Each structure stands twice: as C-alpha cells, then as structure tokens.
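Novice:
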Amino acid sequence: MRSTPPGQERAETIEILRPDGVRLDSGEHARLIADVDGPALLGLYRDLLLLRRVDNECMALARQGELCLWAPIAGQESTLVGSLRGLPAQDYLFISYREATLAYLRGATPAQLLPMWRGSALGGWAPDEINTTNPSIIVGAQGLHATGYAMAASLQGADVAAVAYFGDGATSQGDLSEALNIAAVHIAPVIFICQNNQYAISVPVDQQSAVPPVQRASGFGIPAVQADGNDVLAMLAVSRQAAAHVHGGHGPFFIEAVTYRMGPHTTNDDPSRYRSSAETAHWAERDPIDRLRRHLQAQGHLDDAATSRIEDEIDTAAAQLRSACLSLPDPTAASLFEHVYAGPHALLQEERADYLAFQQRLEGVRP
Ligand SMILES: Cc1ncc(C[n+]2csc(CCOP(=O)(O)OP(=O)(O)O)c2C)c(N)n1
C-alpha cells in the first residue's frame, strides 16, 4: 500500500458544518453563506433526502430488472445539492452518469430521467430546457464540451458559466487536462467540479494521482479550493465563490469535493471485492444527510410537521418515478439508427435497411 501522496497534508479542506452538526460561522466561506437561515437549510435537507430516495428507487428498479444499469449517488448528495444551489440557474451543467439526478433537481421529469438507463432511448431530456446536458459516459469528455460551450458563450457576450462535473478518475484522462489548459489560456467561464469519491471503479484515488486533484489545477493556472463534499454548506459556499469568480470574468475555477461513494460504482459492481467494511463504516459515520439533520435538530428547525411533509413529498416522488419507469415504451429496432447524425447518412440508411430485413427474416423463424 502506498503512503499518503506528497502534498496531501497541505491541502486545506473547507468545512462549515462539522460532522457533529455544529455550524462554524467564522471565516471567508462561512460569510459567503451567512444568509442561509432555517427555512433555507430545510430546503437543502429536502433536496438531499429527495436525491437519496430517488437514487434508492433507481437502485431497486435496476435490481428488479427494470433498469439495465444505475450509477448511484448515495453518500455524494451534498456535493450535488450544495453546488447546484450555489450556481445561477442559467449556468449550463455538463454532467457524467454519476450526476444524472442533478437533471432531476433541475426539472427533468422521471420519464425523461430514466429512458437511457432502461434502454428505451438514447437520451432523455432536452438539454436547453434545463441547461443540463445528457450524461457523458465517456469519462472526462464533458470537460471539453464545457470548455467549448463556455468559449462560445463568452464570444457571444452571454453571462453564463459552463459547469463540468467529473470524478477523481477522470483527472487521469487527457481530455480533462486539455479542457483545463484551454479554459485557462482562453480565460473561459468554466467551473470544474471534481467529485473525489475516492475510487474510479476499483482504483483508489492515491493510485490515480500522486497529489490530491485540487493541486492539479494550479499547474494549469486555475484557482482551486478543496471542500468537504459531505458538507452541504461548504459546497454551497465554494460554489458561490466559484460563480462570483467565473461570472466576474476571471476565467475558470476548480473545486475538489472530498466525498465517498457509499454504494457500488454501478449496479454491475461489487465494491466488497476492493474495499473493507471498516472503510465503509468510517464513511457511513460521515453521511452528509445525518450531518445536516443533526444541525437542524439541534437548532430546532426540524419538527414533526416538517419531517412528515418532506417524507410525503419524497414518497410521492419515488412512486411517480417507478410508475413512469414501468410505463416507458419499448424502443423499435429502427430507433437504433436515429440520432447518430444530424441528417440522413447513406451508409447508415443502408445498414438500417439490412438490419430491418434481418429482423423480418427472424420473425419467420422465431418460435
Ligand atoms: C474514456 C473512458 N475510459 C474508460 C471508461 C470506463 N469507465 C467507466 S466509469 C470509469 C471510472 C471513472 O471514475 P471517476 O472518474 O472517478 O468517476 P466515478 O465513477 O467515481 O464517479 C471508467 C474507467 C469510460 N467510460 N470512458
């Protein structure tokens, strides 16, 4: 086993809500969220519970054979909620499979969230309707998409930032290094959010990079902060900081959110093969939702009425998700050839005709 990578100990991790639920109120980042009062905290808590419930329902649907695959977000909810709520609605999110539920928080319906995972369609929602792309499965590619979008937006004089979400493993991809470099050189309005959930499938982060991801940014000339990704308030604060920087015309900003994937990489993975139960227990004590609940309870913001209102809401959301999933129509064989090119493509048309003829021949011989 490797020792702590050089520099690991030097990274300052921004924390506002301690694991015991105490909220720190001094320092630059705490001041950035001084306006976040009881009702606002309750809103964040509702978002966290909603994400976990939606995620659990998708896991169950996958285990029951109703989805082909799901990439869970359990344990990382506060990274998503804190960052999303710290960004202006016009900012355009470039997400990976891990952040699919961000689209849900931005208004994608269950029927739009699930087709790709059920194998019913190639995508889901219309990106421009919620300023959120469909998920990139190609690890790290969304960094380049975000940078290109940001440069174009900047040339058009639009007040919009592109936000690239990616994992610690993606920092090993050339695409991401290119994106960081081009964004820095062209002072492009991009916020890079690295969800360091400790693993790229089975590869731990200390075998991925000799320094924490946050330290990679300075080599490209990009200001960066490391935040406790399980602290929704820290994530809210650093996202507001990033948004102010980027919208102020100062170029890209990089956030490393230190968090933990509590579940498997996807429903096709068995994490017990590469990590210990002691490790998962250690992180379970740092559950982002428990942390905020402790704070809300200690401050008297969470009474029975609020709890049951949120529970009702998330129960309804889970039921709607399940029923929308089961109602998705099966795709036709011909739809396999759609959306590959913007317009007709001769070779593809030929392959489509061949494939449909083959299907028809099968119809004759199938029992
Ligand atoms: C370019 C590319 N290489 C490899 C893969 C296979 N792959 C899928 S997910 C994954 C791990 C990514 O880890 P990380 O970036 O840390 O994100 P996480 O899944 O932890 O959110 C890999 C290697 C891929 N999808 N794309």
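The sequence shown begins at 21 in this note's numbering and counts up one residue at a time. Beta carbons are placed, not taken as given, at the ideal position from N, Cα and C, and that holds for glycine. The structure displayed is predicted, hence computed values, not measured ones.
1) For Pro108, name the three-state secondary structure that DSSP assigns.
2) List the whole-angstrom C-beta distance separating Ile221 from His285, where the pair is believed to meet the contact cut-off of C-beta under 8 angstroms.
3) Under a Cβ-count criterion, where at least 16 other Cβ atoms within 10 Å of its own Cβ denotes burial, should Gln379 be classed as buried or exposed?
4) From Ser347 to Asp310, what distance separates their C-alpha atoms?
5) Just to confirm, is the Cβ distance from Leu196 to Phe186 under 8 angstroms?
6) Please state whether DSSP places Pro135 in a helix, a strand or coil.
7) With a threshold of 16 other CB atoms inside 10 Å of the CB of Tyr294, please say whether the residue is buried or exposed.
8) Return the residue from the list Leu376, His365, Glu333 that minimises the CA-CA distance to Val74.
9) By the 10 Å Cβ neighbour count, where 16 or more other Cβ atoms means buried, how is Ala377 classified, buried or exposed?
10) Can you tell me whether Gly239 is helix, strand or coil according to DSSP?
11) For Ala354, which residues of its own chain have a beta-carbon under 7 angstroms away from its beta-carbon, when the five flanking residues on both sides are left out?
12) If we call anything under 8 angstroms between Cβ atoms a contact, is Thr279 one with Gln96?
13) Out of curiosity, what's the CA-to-CA distance linking Gln193 and Pro209?
14) Along the alpha helix (DSSP H) that carries Val360, what are the first and last residues, could you check?
15) Can you grab the Cα-Cα spacing for the pair Val205 / Glu198, in whole Å?
16) Please state whether the Cβ-Cβ distance between Pro351 and Ala91 is less than 8 angstroms.
17) Going by alpha carbons, who is nearest to Ser103 out of Thr336, Ala182, Gly177, Met136?
Specialist: A quick look at the data gives this:
1) Three-state result, Pro108: coil.
2) Yes, Ile221 and His285 are in contact; Cβ-Cβ is about 5 angstroms, under 8 angstroms.
3) It counts as exposed.
4) Taking the straight line from one Cα to the other gives about 34 angstroms.
5) The answer is yes: Cβ separation under 8 angstroms.
6) Correct three-state label for Pro135: helix.
7) By the Cβ neighbour-count rule, Tyr294 is exposed, with fewer than 16 other Cβ atoms within 10 Å of its own.
8) Taking only the C-alpha atoms, the option nearest Val74 is Glu333.
9) With fewer than 16 neighbouring CB atoms inside 10 Å of its own CB, Ala377 falls in the exposed class.
10) Gly239 falls in the helix class under three-state DSSP.
11) Close CB contacts of Ala354 within its chain, under the 7 angstroms cut and outside five residues either way in sequence, are with Arg372, Leu376 (chain order).
12) Yes, the pair counts as a contact, with Cβ atoms nearer than the cut-off.
13) Roughly 21 angstroms between the two C-alpha positions.
14) From DSSP, Val360 is part of no alpha helix (DSSP H); its letter is neither H nor E.
15) Going from the Cα of Val205 to the Cα of Glu198 covers about 11 angstroms.
16) In this structure, Pro351 sits away from Ala91, with a CB-CB distance that is not shorter than 8 angstroms.
17) The closest CA to that of Ser103, considering only Thr336, Ala182, Gly177, Met136, is found on Ala182.
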